[in-house]
Amino acid sequence: MNISAETLEQIHPDNQPASRGISILLVSVCILVLGNNLQNTLLGVRAGVEGMSSLGIGLMMSSYFAGFVLGSVYLPRLIVAVGHIRTYAALASMASAITLAYILAVFLPAWVALRFLQGLCYAGMILVIESWLNGCSTKATRGRVLATYGIVFWGTAATSQTLLNLAPAQSFILFGVVSILVSMALVPITLAPTRAPSSVPSKRLQLKRLQAISPLGLLGVLVSGLCIGAAWGMGPVFADNVDLDSVGISLFMASLMAGTLLFQWPLGRLSDMVDRRYVIVVAGTVAGAISLLIAFGMPHSFPVLIALVLLYGGFSFPLYSLGVAHVNDCVSVEESVGTASTLILLQGVGSALGPLIAGALMGAVGPAGLFFFVGTSLLALAVYGLFMIPLRKPSSSKIKRAFMAVPRISHVLLWEYSRRKKKSRGAVQNN
402 MNISAETLEQ IHPDNQPASR GISILLVSVC ILVLGNNLQN TLLGVRAGVE
452 GMSSLGIGLM MSSYFAGFVL GSVYLPRLIV AVGHIRTYAA LASMASAITL
502 AYILAVFLPA WVALRFLQGL CYAGMILVIE SWLNGCSTKA TRGRVLATYG
552 IVFWGTAATS QTLLNLAPAQ SFILFGVVSI LVSMALVPIT LAPTRAPSSV
602 PSKRLQLKRL QAISPLGLLG VLVSGLCIGA AWGMGPVFAD NVDLDSVGIS
652 LFMASLMAGT LLFQWPLGRL SDMVDRRYVI VVAGTVAGAI SLLIAFGMPH
702 SFPVLIALVL LYGGFSFPLY SLGVAHVNDC VSVEESVGTA STLILLQGVG
752 SALGPLIAGA LMGAVGPAGL FFFVGTSLLA LAVYGLFMIP LRKPSSSKIK
802 RAFMAVPRIS HVLLWEYSRR KKKSRGAVQN N
């Protein structure tokens with residue numbers, strides 16, 4: 402998403418380079434992502450050990466994304482009311498306490514409720530971090546800062562899976578490790594030597610309008626949410642059901658995220674050089690075919706399975722960025738803010754539905770249900786793309802915007818931008 406330099410200056414007129422502050426914030430991101438992603442895999446494995454059904458586990462994982470979506474919509478108000486540091490401290494403390502509550506209440510309804518609350522907490526913490534990173538960067542450095550943030554996020558997410566081997570999922574140890582990590586993520590934020598920004602999402606563009614403008618981009622964002630949510634939430638359950646040990650499960654999940662790191666940038670650059678719709682179709686086809694190969698072929702060789710999962714992550718997870726880029730090719734710069742807010746919400750809805758549907762299928766047909774679901778979803782996207790391409794003209798090369806693996810400005814600034822615009826309009830009317 403591109404926003405003019407003037408707009409960025411209006412949002413943060415006091416932006417100053419602060420490399421030290423950015424480094425400290427990224428340390429906090431590393432610690433937080435280590436804890437959150439370890440916990441995601443740990444809960445899936447532990448739920449299987451406790452005999453919870455695949456549908457129940459899917460419901461639990463979906464509740465996290467539902468909480469995350471709700472938090473993304475409502476928690477910016479809390480940040481404005483009490484500030485970045487207090488919001489982050491309160492939410493991190495809650496998330497750390499909830500981690501220990503899983504051990505005290507080992508039954509599905511409690512875990513569903515706790516996971517929902519954690520989704521709320523993590524949404525708020527991510528909002529704080531991203532808005533602070535934007536506040537520490539300038540219009541000249543923002544792209545590099547957020548790109549670095551994306552690389553740190555996914556790289557740490559992949560690394561976090563190795564921590565699963567520290568202790569058995571049945572023990573308290575890993576839950577204690579997660580709680581410690583989430584609590585320690587407080588330290589860099591509270592001691593950051595930069596002033597917290599005063600910003601943080603805007604009036605959304607109507608879904609109907611976006612559907613008319615870019616139906617393929619919109620569907621790509623939704624399908625990416627379904628696939629990311631399903632694979633992230635139910636991946637540990639799949640790996641456990643095919644008899645992988647803790648090392649195997651950690652490598653399985655790490656390969657998903659490593660694939661994203663390897664393929665996101667090349668696919669994005671390719672989409673800048675050719676019609677972006679063809680890249681979406683090819684990525685959907687490849688990821689869908691790989692998914693069905695896993696579902697129906699069920700590789701017995703562990704290295705083959707890991708290689709296929711890496712390719713699946715590499716071609717399916719970047720669909721979100723590709724879809725966002727294609728939608729933004731079709732809207733004006735003035736509409737970019739509202740568009741981003743709608744797309745974030747749509748992907749969140751897909752991420753919430755993905756684990757629930759995948760869990761139901763896994764309960765009905767076994768572990769293959771996970772990759773059957775994501776495979777059919779991806780191939781449906783590809784078929785729809787092939788159908789729509791001849792019916793619509795490609796975006797003009799003059800309008801087409803450069804792909805970015807991470808947007809130059811994140812959704813945390815959308816609300817502030819909208820608020821300031823309303824104020825300026827009100828001032829004009831009063832005059």
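In our numbering, the protein residues as written are 402 to 832.
Glycine included, every Cβ here is placed at the ideal spot set by N, Cα and C.
Just to confirm, is the Cβ distance from residue i to residue j under 7 Å?
i: Leu460; j: Val513; result: yes
i: Pro637; j: Ile650; result: yes
i: Val446; j: Asp646; result: no
i: His727; j: Ser656; result: no
i: Gly621; j: Ile681; result: yes
i: Tyr721; j: Ser584; result: no
i: Val775; j: Ser692; result: yes
i: Leu515; j: Ile527; result: no
i: Gly525; j: Thr488; result: yes
i: Val579; j: Leu427; result: no
i: Val648; j: Asn566; result: yes
i: Ile504; j: Phe554; result: no
i: Thr740; j: Val732; result: yes
i: Phe639; j: Leu771; result: yes
i: Pro589; j: Gln665; result: no
i: Leu848; j: Arg678; result: Since the first and last residues shown for the chain are 402 and 832, residue 848 lies out of range.
i: Gly751; j: Leu627; result: yes
i: Ala493; j: Gln519; result: no
I believe residue i touches residue j by the beta-carbon criterion, under 8 Å. Please report the beta-carbon distance rounded to the nearest angstrom.
i: Ala472; j: Leu521; result: Checking the displayed sequence, the identity of residue 472 turns out to be Gly instead of Ala. Their Cβ separation, rounded to whole angstroms, is 4 Å, which keeps Gly472 and Leu521 in contact under 8 Å.
i: Ser429; j: Ile530; result: 7 Å
i: Ala558; j: Phe517; result: That pair is no contact at about 21 Å.
i: Gly786; j: Leu723; result: With a Cβ gap of about 11 Å, Gly786 and Leu723 do not count as contacting.
i: Gly852; j: Leu509; result: The shown model of the chain, from 402 to 832, leaves out residue 852, and the question about it has no answer.
i: Ala570; j: Val434; result: Not quite, the Cβ-Cβ distance comes to about 20 Å (not below 8 Å), so this is no contact.
i: Val546; j: Ile423; result: 6 Å
i: Tyr523; j: Asn437; result: 6 Å
i: Pro700; j: Leu709; result: 6 Å
i: Ala696; j: Ala769; result: 4 Å
i: Leu746; j: Val470; result: 6 Å
Spatial neighbours of residue i within its chain, please: C-beta separation below 8 Å, excluding the five flanking residues on both sides.
i: Leu592; result: Ile425
i: Ser798; result: The pLDDT assigned to Ser798 is 46, lower than 50, so where the model puts this residue is not dependable; a value taken from the coordinates is nonetheless given after this. If we look at Ser798 and ignore the five residues flanking it on each side, it has no Cβ neighbours.
i: Phe573; result: Ile504
i: Leu479; result: Thr488, Gly525
Whose C-beta lies closer than 6 Å to the C-beta of residue i among residues of the same chain, with five residues either side of it excluded?
i: Ala688; result: Tyr713, Phe716, Ser717, Leu779
i: Ala448; result: Ile458
i: Thr549; result: none
i: Leu706; result: Pro700
i: Ile552; result: none
i: Ala502; result: Leu515
i: Pro414; result: Note that Pro414 scores 37 on pLDDT, short of 50, meaning its location in the model is unreliable and no value can be drawn from it.
Between which residues of its own chain and residue i is the CB-CB distance below 7 Å, once the five residues before and five after are set aside?
i: Leu782; result: Leu620, Gly621, Val624, Gly685
i: Ala490; result: Leu587, Thr591
i: Gly749; result: Phe466, Phe469, Val470, Ser473, Gly626
i: Met658; result: Trp555, Ala558, Ala559, Gly714
i: Val507; result: Glu451
i: Met453; result: Leu509
ask   = Is it true that the stretch 462 to 470 meets the stretch 754 to 770, where meeting means three or more beta-carbon pairs spaced less than 8 Å apart?
value = yes
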